[in-house]
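**Student:**
Residue numbers (the working numbering): 962 to 1136.
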């Protein structure tokens, strides 16, 4: 019947975020960083990185009711770098296909010395660059930060490109 036919989204996006994609980007990686930032950064920059990502992915998959078959941890790309002299790990997520799915997530270790080991109680800042939609149905990005358990939305974000995301983060970090 005509009234049972689902409307196709004018944006081509899914009507809801894929649960595993959302949980991994917004909760799993973030909580792992918060729990032990130094361990996270040391492993994510090591030869154990892929195993570590797979462990986080598998842990998050246990909380997803129906993990989609089109998502694979192998599609997550990691870049370790410095943003304003702070160590950072940026994860490029599998292609965002719904509002609130992340294009990128970034963890920034809030210690800016290359010459000294960080103290045991060093904190992190955790950013996301998410898929969004304008009122006219055009696509946009949304730049956000998780602080404690609060999701801060800074509004329109940069292009979904790593350099633009890094610059948006750099603009918020102390010099």
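Glycine residues also receive a C-beta, built at the ideal position from the N, C-alpha and C atoms.
Are residue 1057 and residue 1050 close, meaning C-beta to C-beta below 9 Å?
**Tutor:** Here residue 1057 refers to the residue found at position 96 when the chain shown is read from its first residue. Here residue 1050 refers to the residue found at position 89 when the chain shown is read from its first residue. No. Outside cutoff.
**Student:** Find the nearest neighbour of residue 1087 within the set 1027, 1059, 1100 and 1110, judged by alpha-carbon distance.
**Tutor:** One-based indexing of the chain shown puts residue 1087 at position 126. It is 1110.
**Student:** So, is residue 1067 buried or exposed, given that buried needs 16 or more other C-beta atoms within 10 angstroms?
**Tutor:** Position 106 of the chain shown, counting from 1, holds the residue named residue 1067. Its Cβ being crowded by 16 or more others within 10 Å, residue 1067 is buried.
**Student:** Secondary structure at residue 1055, three-state DSSP: helix, strand or coil?
**Tutor:** Position 94 of the chain shown holds residue 1055. DSSP places residue 1055 in coil when its eight states are reduced to three.
**Student:** So what's residue 1096 in DSSP terms, helix, strand or just coil?
**Tutor:** For the purposes of this step, residue 1096 is taken as the residue at position 135 of the chain shown. Reduced to three states, the DSSP call for residue 1096 is coil.
**Student:** Going by C-alpha distance, which of 1094, 1025, 1072 and 1060 is nearest residue 984?
**Tutor:** Taking the chain shown and counting its residues from 1, the one referred to as residue 984 is at position 23. Here the closest residue by C-alpha is 1025.
**Student:** Just the C-alpha distance for residue 1092 and residue 1102, rounded to the nearest angstrom, thanks.
**Tutor:** What you label residue 1092 is simply residue 131 of the chain shown in a count that begins at 1. What you label residue 1102 is simply residue 141 of the chain shown in a count that begins at 1. Spanning the two alpha carbons is a distance of roughly 5 Å.
**Student:** Examine the ligand ZN and report whether any of its heavy atoms sits within less than 8 Å of the Cβ of residue 1120.
**Tutor:** This structure lacks the ligand ZN, and indeed carries no ligand of any kind.
**Student:** At the level of alpha carbons, what is the spacing between residue 1052 and residue 1038?
**Tutor:** Here residue 1052 refers to the residue found at position 91 when the chain shown is read from its first residue. Here residue 1038 refers to the residue found at position 77 when the chain shown is read from its first residue. Residue 1052 and residue 1038: Cα-Cα distance of roughly 6 Å.
**Student:** As a quick exercise: from 1003, 999 and 1034, pick the residue whose alpha carbon is nearest that of residue 1016.
**Tutor:** Taking the chain shown and counting its residues from 1, one reaches residue 1016 at position 55. Answer by Cα proximity: 1034.
**Student:** Report yes if the CB atom of residue 1065 is closer than 9 Å to the CB atom of residue 1126, and no otherwise.
**Tutor:** Residue mapping note: residue 1065 aligns to position 104 of the chain shown, counting from 1. Residue mapping note: residue 1126 aligns to position 165 of the chain shown, counting from 1. Yes; because the gap between Cβ atoms is below 9 Å, this pair is in contact.
**Student:** Since residue 1059 and residue 974 are thought to touch, with beta carbons under 8 Å apart, how far apart are those beta carbons, to the nearest angstrom?
**Tutor:** Sequence index remark: in the chain shown, residue 1059 carries index 98 (1-based). Sequence index remark: in the chain shown, residue 974 carries index 13 (1-based). Confirmed, about 5 Å.
**Student:** Just reading off the alpha helix (DSSP H) that residue 1014 is part of, what are its end residues?
**Tutor:** To locate residue 1014, count along the chain shown from 1; it is residue 53. Taken as a continuous stretch (DSSP letters only), the alpha helix (DSSP H) holding residue 1014 covers 1010-1022.
**Student:** The beta strand (DSSP E) spanning residue 1124 covers which residue range?
**Tutor:** Within the chain shown, numbered from 1, the residue matching residue 1124 stands at position 163. Looking at the DSSP string, residue 1124 is not in any beta strand (DSSP E); the run it does join, the alpha helix (DSSP H), is 1123-1131.
**Student:** DSSP puts residue 1040 in a beta bridge; with which residues?
**Tutor:** Stepping through the chain shown from its first residue, residue 1040 is reached at position 79. In the DSSP output, where bridge partners are listed per residue, residue 1040 has 1051.
**Student:** Look at residue 1047 and residue 1082 and say whether their C-beta atoms are less than 9 Å apart.
**Tutor:** By 1-based counting over the chain shown, the position of residue 1047 is 86. By 1-based counting over the chain shown, the position of residue 1082 is 121. The answer is no: Cβ separation not under 9 Å.
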